[in-house]
Amino acid sequence: MKTDIDQMRFDLRIIASWIEPGSKILGLGCGDGELLHYLKVHKKVRETGIEIKESRVATCIEKGLSVLQGDINEEILDYPNDCFDYVILSQTLQQVFEPDALIKNMLKVSRKSIVSFPNFCHWKIRFQILKSGHVPRTRELPYAWYDTPNIRVLSINDFRRFSKEVGFKIYKEAAINAFDDGKKGKVVGVMPNFFASYGIFMIGKY
Amino acid sequence: MSEYIEHDQTSVSAGLVEKKFFTFAGSPDEMPLESGAKLGPITISYETLGTLAPDKKNVILVAHALTGDAHMAGVYSTEDTKPGWWDIMIGPGKGIDTDKYFVICANILGSCMGSTGPSSINPKTGHPYGFDFPLVTIGDMVCAQKKLLDHLGIEKIFSVIGGSLGGMQVLEWMVRYPDKVVSAIPLATTTKHSALAIAFNEVARQAIIADPNWCGGNYYGGKKPDMGLAVARMIGHITYLSDESMRMKFGRKLQDKTDLSFDFSADFQVESYLRYQGAKFVERFDANSFLYITRAADYFDLEKKYGEGSPVKAFSGAKAKSLIVSFTSDWLYPTYQSKAMVKAMKKNGLDVSFCEIEAEWGHDAFLLPNKRLSNLIKGFLEGVRRENGY
């Protein structure tokens, strides 16, 4: 069972390229284990995933991944300090009730953390609000206001400001646009907070 | 564990299997027990399936539950219609694949299904031990299994797997012999009985002890305490089901009648079911063994024994990669107990996976056909194989 990098979501490919081989990794909200499986096969990482949904946990374990069923906010509390090389939170930050507490706990148990999230200040969203007068719905954020799991609305610039307020260091960042169900994409160099649909950050303690 | 299991008739069987015996701890080398007593000689009955690899690295030890035996899968003859208790899980291409692994299951010490227990002959008297049999613990059971593996020349177990009381043995193996166990799968189990679990066991034991035929445990050769044992089994069965499963299975349905009989016969289906389970059980199980094994289960306290009360400390010496599984409707060993184990293992940096399977069948769920459980076990074992380069 091999995960081909071309089949993997574009944002996950960027994250994968940042991980050093042989690292110890914690994937929060790891879903079906796509990224963890790729990293295990191609980068020989020692992986742990946390996922709340039973069927997804089962899919991961069937792939031979080490995954725990549980709530990421609670499960992360059990690990010793600096237990992992990387903790990854991919496209979940916008759904977390207490993002600052979670980020602090991630920084505590890891050397470095990687966080990715959809950019709510992408130009299409900005124009939709101006033009329609409705809360925007896009391919990346397809939900209505009453059923969205995305309870934390943030932009790439907001995350940078957040790093100063919470007090963590940004080691690396990438802004991307993804298309074809996220399978394809490209890195955005110019005015990322305006043109990019996702932000990816590698962060760490000061 | 249930008296009968729904077998998948279409599945491939593990085939013919033979019950074997191993005797050790003969005088003067009796086995010291945790209680301080010594026991010997000890016979352990066991069965094996699959082929032992030349490097002996493909060994899986299956630990059975309270009233199980070594007959985990397969049949004794071509006419035998009743396969072993975990036939749905163990066999060619199944969750525990006998084409790949050499699978061993041994009857626990203190039982009555071929291994030494209270119904065995005490060599000192020439009569069954009865209540002269020393109390044995989960640790003693595991110690006896270790002697069997030593005898078979097996130094390392690829995986030790078991549910319920079998899961306690798995945990004991992980902690007692950390260098001997590569991986472990404790299912629907606990590091220690709750007061609720002890309470049920105590009521079951008192039912046996109150039976006039029990005679202080010295009933061999005479009338057996069948009524007491049957009631004990009925209590057990209540704990193996759940409110939900009983509601779905029985509700308030009547058994072979259209109206209440206004007497104390088995009006309700649930009554009839429990009576049937009790009656079947006394045909095959010894009342004293039931007392001894339930006591061992109540005494089991991994945290006290290995961690001075701390679950984190208890697992501090363990090394095995593990897969822990609980079931949503299990009220005997509820999920919070599995989660406590997971937490303690995480705090020790152990490689642990955990899944709580949605199942309405209560504690017994691990014995019932469940594709999710089979796939979890299969995938986990394959992963361990790849990681270890087997």
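Just so you know, the protein sequences line up as chains F and E, in that order.
Using my numbering, the first residue of the first sequence is number 3, and each one after it goes up by one.
Using my numbering, the first residue of the second sequence is number 13, and each one after it goes up by one.
Ideal Cβ positions, reconstructed from N, Cα and C, are used throughout, including at glycine.
Here the structure is a predicted model, which is why all the values come from computation and not from measurement.
Just mark E:Gly234 as buried or exposed, buried being the case when its beta carbon has 16 or more other beta carbons within 10 Å. exposed
Does the beta carbon of E:Val182 come closer than 8 Å to any beta carbon on chain F? no
Per-residue contacts from E:Leu335 into chain B (C-beta, under 7 Å): Judged by its chain identifiers, the structure shown contains no chain B, and its protein chains are F and E.
Could you spell out where the alpha helix (DSSP H) holding F:Val30 opens and where it closes? First, the residue type needs correcting, since residue 30 of chain F is Leu and not Val in the sequence shown. Taken as a continuous stretch (DSSP letters only), F:Leu30 belongs to no alpha helix (DSSP H), being part of the beta strand (DSSP E) at Lys26 to Leu30.
Backbone CA spacing between F:Asn159 and F:Asn195 [nearest angstrom]: 6 Å
Return the residue from the list E:Gly395, E:Ile221 and E:Ile210 that minimises the CA-CA distance to E:Thr251. Taking only the C-alpha atoms, the option nearest E:Thr251 is E:Ile210.
In the DSSP assignment, what are the bridge partners of F:Arg139? Note: F:Arg139 sits in no beta bridge, so no partner.
Member of F:Ser118, F:Val190, F:Gln71 and F:Val168 whose CA lies at the smallest distance from the CA of F:Asp34: F:Gln71
Let me check one thing: in DSSP terms, what residues is F:Thr50 bridge-paired to? Per DSSP, F:Leu28.
Please determine, among E:Leu380, E:Ile369, E:Glu368 and E:Met353, the residue with the shortest C-alpha to C-alpha distance to F:Asp80. E:Met353
Looking at the unbroken beta strand (DSSP E) that takes in E:Phe366, where does it start and where does it end? Val364 to Ile369
F:Glu49 versus E:Leu388: straight-line alpha-carbon distance, rounded: 17 Å
Which residues in chain F sit within 9 Å of E:Asn400, going by Cβ to Cβ distance? Under the 9 Å cutoff, chain F gives no residues; its nearest Cβ is about 12 Å from E:Asn400.
Between F:Glu36 and chain E, is the shortest Cβ-Cβ distance under 8 Å, so that the two count as touching? no
Counting only beta-carbon separations shorter than 8 Å, does F:Lys4 have a partner in chain E? Only weak support exists for where F:Lys4 lies, its pLDDT of 49 falling under 50; the coordinates are left without a value.
Cα separation between E:Glu59 and E:Leu73? 10 Å
For chain E, check one thing: does any of its Cβ atoms lie closer than 8 Å to the Cβ of F:Val47? No, no contact with chain E.
Label F:Lys4 either buried or exposed according to how many other C-beta atoms from any shown protein chain fall within 10 Å of its C-beta, with 16 as the threshold for buried. Reliability of the predicted coordinates at F:Lys4 is poor, the pLDDT of 49 falling under 50, and the value obtained from them is presented with this limitation in mind. The residue is exposed, with fewer than 16 neighbouring Cβ atoms inside 10 Å.
As assigned by DSSP and simplified to three states, the class of F:Lys133: helix
Please report how far the alpha carbon of F:Gly206 lies from the alpha carbon of F:Ile54, in whole angstroms. If you take the alpha carbons of F:Gly206 and F:Ile54, they lie about 25 Å apart.
DSSP bridge partner residues for F:Tyr173 (one or two, in chain order): DSSP lists no partner for F:Tyr173.
Quick one: grab the DSSP three-state call for F:Ile205. strand
For F:Gln71, list the residues DSSP reports as bridge partners. Answer by DSSP bridge pairing, in chain order: F:Glu53.
Identify which residue in F:Asn107, F:Leu37 and F:Val43 has its Cα closest to the Cα of F:Gly169. F:Asn107
Please determine, among F:Gly201, F:Lys126 and F:Val190, the residue with the shortest C-alpha to C-alpha distance to F:Pro144. F:Lys126
Note down, in chain order, each residue of its chain lying with its Cβ closer than 6 Å to the Cβ of E:Tyr16, except the 5 sequence neighbours on either side. Legend: pLDDT at E:Tyr16 = 45, less than 50; position of this residue unreliable, value from coordinates given subsequently. Contacts found: none.
Short-range partners of chain F found in the region 385 to 397 of chain E, where Cβ spacing is below 7 Å: Asn387, Leu388, Gly391, Phe392, Glu394 and Gly395
Show which residues of chain E have a CB atom less than 9 Å away from the CB atom of F:Tyr81. Lys358, Lys359 and Gly361
Which class does E:Lys325 belong to by DSSP, given the choice of helix, strand or coil? helix
Could you name the residues of the same chain whose beta carbon sits closer than 6 Å to that of E:Asp313, not counting the 5 residues immediately before and after it, in chain order? Lys204
Anything in chain F within Cβ reach of E:Lys355, meaning under 8 Å, just list it in chain order. Asp80
To the nearest angstrom, report how far apart F:Phe12 and F:Ile178 are at their CA atoms. Using only the alpha carbons, I get a separation of about 9 Å.
Got a sec: is the Cβ-Cβ distance from E:Ser25 to anything in chain F below 8 Å? no
Throw me the rounded Cβ distance for the E:Leu266 and E:Gln289 pair, which I believe falls under 8 Å. 18 Å between Cβ atoms; not a contact.
Burial state of F:Gln93 (16 or more Cβ within 10 Å): Looking at its Cβ environment, which holds 16 or more other Cβ atoms inside 10 Å, F:Gln93 is buried.
Scan the region 107 to 119 of chain E for residues whose Cβ lies nearer than 9 Å to a Cβ of chain F and list them as they occur along the chain. none
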